[in-house]
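Here is the structure we will look at, set down as structure tokens.
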Ligand SMILES: C[S@@+](CC[C@H](N)C(=O)[O-])C[C@H]1O[C@@H](n2cnc3c(N)ncnc32)[C@H](O)[C@@H]1O
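In my numbering, the protein residues as written are -19 to 472.
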């Protein structure tokens, strides 16, 4: 009998459990095949982890409808080669396993050695050794479990083609392959098939005793089928990853959309804020220009104030000057008063003086002049008259009366005619008083006018000065006409 893979179509079955522990995936087609070839009564796996290999054997039992009891032994804690892991690995496997294979399969959480007692010697038809992969561990597992193998017993070794990280299965495989019929697959880290039973089924022997060419073909076939599963899984993983990536991308797209809408909202906010800022800038500019205008106004007002201050200073200095002038005028008035009083005293002295009384005759002659004139005795009288006019007394009278000589002459003639000499003297004295009072009154009135006058500008002051000067000069001229010598001292 020769081995024909087509007699074991289960090798083309699609595995139902493929996890991310992929090291055993390429041997699943042969796991299906050996189950159909051997139809074991008891199958044990030493080292199950996530159960990719173990569940393949169980799937075959289901698919083929075999009467096989299956046992998986593992601490489910891990080792130095597969890495250490937590209890969630067994929990997840249990969930998957129990719902499918609980009827013929058990997961035994224990050390390999502890599980030995649960099995009778010579009871196990098929064992898969995939625990710790050091030479000693593998040798120990094989030697411990070999007595449990039945006369149909077949042992499977995984990782016989791994030559790194202290893997020693390859070495132990070389040793045991010397003593038992065997077959080895190089792909998928290597799988050794060792017929330890004395009466393994013919079909298994046919597989183990293949011709060289058949070995090559069979190896290629199982390698190809294993590859297909591995690639299919990778594709599945890729699909899952793509799905995950797609969902992640969708989530990101959603986030991007959210971010975009948030950015739009922010852009809108920014636009609104910008317009608010622009409005504020406009307001600030308006306020600035208003402030500039006010500054300009303030500057103008300041300069106006400065001009007014200058005017006030100017007016103050003018007022001071006028105050000085008023004081000067008051002094002048006071001096004039004194002068008038002195002159009144002089007049009084004159009137009561002996010389005035002695000149009575002269004044009588003078008053008689007009009556003598009518008698054509004018020549001697003219001489006397001229002497009287040239006399000091006459001039003094003229000065006191402050009348022009012509007026005095006319007046005295009139007074002489009306009142006689004595009455004329009395009247002239009155006139002198009247004139003095008038002069004093005029001076006082001028000073009062000057004090009351609100002189608006320099021109008014000059006009006033000019007028005052003219009046003074007129008075001076008048006095000079009367008595040039005596008035010069008083009015200069
Ligand atoms: C390489 S993994 C098994 C891989 C598994 N056959 C598959 O298809 O992926 C090795 C497992 O053997 C277990 N193991 C190692 N030495 C053990 C021991 N002495 N007793 C019980 N379990 C052990 C570890 O916990 C680990 O889960």
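Don't be surprised by glycine CBs; every beta carbon is placed ideally from N, CA and C.
| query | result |
| --- | --- |
| Neighbourhood of residue 38 by C-beta distance below 8 Å, restricted to the same chain and skipping five residues each side | 50, 77, 80, 81, 84, 85 |
| For residue 172: DSSP bridge partner residues | 137, 164 |
| Cβ separation of residue 92 and residue 121, assumed to be a contact under 8 Å, to the nearest whole Å | 6 Å |
| Limits of the unbroken beta strand (DSSP E) element including residue 23 | 22 to 26 |
| Environment of residue 149 [buried if 16+ CB atoms lie within 10 Å] | buried |
| Close-in-space but distant-in-sequence residues of the same chain around residue 119 (CB under 6 Å, 5 per side omitted) | 152 |
| With 16 other Cβ atoms within 10 Å as the buried cut-off, status of residue 6 | buried |
| Pair within 8 Å by beta-carbon distance, residue 111 and residue 27 | yes |
| Continuous alpha helix (DSSP H) stretch holding residue 35: start and end | 32 to 44 |
| Bridge-paired residues (DSSP) for residue 212 | Its beta-bridge partners do not exist; DSSP assigns none. |
| Rounded C-alpha distance that separates residue 63 from residue 147 | 14 Å |
| Residue environment, residue 13, which counts as buried when at least 16 other CB atoms sit within 10 Å | buried |
| Residue 437 burial status per 10 Å Cβ neighbour count (16 or more: buried) | Annotation note: pLDDT 48 at residue 437 (below 50); position unreliable, coordinate value reported separately. Burial call: exposed. |
| Three-state secondary structure assigned by DSSP to residue -4 | coil |
| Proximity test, residue 57 beta-carbon vs ligand 1 heavy atom, cut-off 7 Å | yes |
| Closer than 7 Å: residue 173 CB and nearest ligand 1 heavy atom | no |
| Helix, strand or coil at residue -9 according to DSSP, with G and I counted as helix | helix |
| Residues bridged to residue 51 [DSSP beta-bridge criterion] | 24, 86 |
| Host alpha helix (DSSP H) of residue 61 (start-end) | Looking at the DSSP string, residue 61 is not in any alpha helix (DSSP H), and its letter there is neither H nor E. |
| 8 Å Cβ cutoff met for residue 134 and residue 173 | yes |
| For residue 513, the three-state DSSP class (helix, strand or coil) | Residue coverage of the chain in this structure runs from -19 to 472, which leaves residue 513 outside it and unanswerable. |
| From 32, 402, -9, residue whose alpha carbon lies closest to that of residue 213 | 32 |
| Near ligand 1: residue 100 beta-carbon under 7 Å from a heavy atom | no |
| Residue 29 - partner residues in DSSP beta bridges | None; residue 29 has no bridge partner. |
| Neighbour-count burial assignment, residue -8, 16 or more Cβ in a 10 Å radius | exposed |
| Neighbour-count burial assignment, residue 57, 16 or more Cβ in a 10 Å radius | exposed |
| For residue 317 and residue 411, the rounded distance between their alpha carbons | 17 Å |
| Given 8 Å, three or more beta-carbon pairs between the stretch 217 to 229 and the stretch 181 to 190 | no |
| Bridge partners - residue 129, DSSP secondary structure assignment | 104 |
| Beta-carbon spacing of residue 396, residue 404 below 8 Å | yes |
| Distance cut-off 7 Å: residue 61 Cβ against heavy atoms of ligand 1 | yes |
| Closer than 7 Å: residue 135 CB and nearest ligand 1 heavy atom | no |
| Check: residue 85 C-beta below 7 Å from any heavy atom of ligand 1 | no |
| Closer than 7 Å: residue 30 CB and nearest ligand 1 heavy atom | yes |
| Residue 38 CB to nearest heavy atom of ligand 1 below 7 Å | no |
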